[in-house]
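In our numbering, the protein residues as written are 2 to 87.
The next block holds one structure in the form of structure tokens; read it before the comments.
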Amino acid sequence: MGIYAQRAARLLNAAKSEEEAFNRLVGQAIIDARCAKCWKQSVLARRLGISQSSLTRIERGQTCCTLWRLVQIAKLTGRPVQRMIP
2 MGIYAQRAAR LLNAAKSEEE AFNRLVGQAI IDARCAKCWK QSVLARRLGI
52 SQSSLTRIER GQTCCTLWRL VQIAKLTGRP VQRMIP
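Here is the structure:
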């Protein structure tokens with residue numbers, strides 16, 4: 002099992018619901034895309050026009066990321082949106 006599959010399995014096991022698990026997996030995909038660009042949260046948040054605390058909640062899976070926001074993140078990071086949806 003690869004590192005991403007292991008991480009996904011851990012997140013799914015820790016989640017209380019399918020929706021929470023989905024949000025956590027999307028959040029992790031956003032973290033991976035952001036880190037691939039060597040950006041801090043503050044950089045991506047500023048480019049998205051949101052607060053860093055809002056981005057933190059999205060990345061932690063505490064807040065649902067809208068499809069529109071996910072498309073914005075995909076465009077900014079150069080990652081296909083399909084790779085950000087589990």
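Just so you know, even glycine gets a beta-carbon here, dropped at the ideal spot from N, CA and C.
All of these numbers come straight from a predicted model, not from anything done at the bench.
Thinking C-beta only, is residue j closer than 7 angstroms to residue i?
i: Gln29; j: Leu49; result: no
i: Pro87; j: Leu45; result: no
i: Ala6; j: Arg80; result: no
Residues in its own chain within less than 6 angstroms of residue i by CB, not counting five upstream and five downstream?
i: Leu77; result: Arg48
i: Asn24; result: Gly62 and Cys65
Specify, as a first and last residue, the run of the alpha helix (DSSP H) that residue i falls within.
i: Val44; result: Gln42 to Leu49
From the DSSP output, in three-state form, read off residue i for me.
i: Arg80; result: coil
i: Gln63; result: coil
i: Cys39; result: coil
i: Ser54; result: helix
In chain order, what residues of the same chain lie with their CB nearer than 7 angstroms to the CB of residue i, ignoring the 5 residues before and after it?
i: Trp53; result: The sequence given here places Gln at residue 53; Trp does not occur at that position. Result list for Gln53: Gln42, Ser43 and Ala46, in chain order.
i: Arg58; result: Thr64
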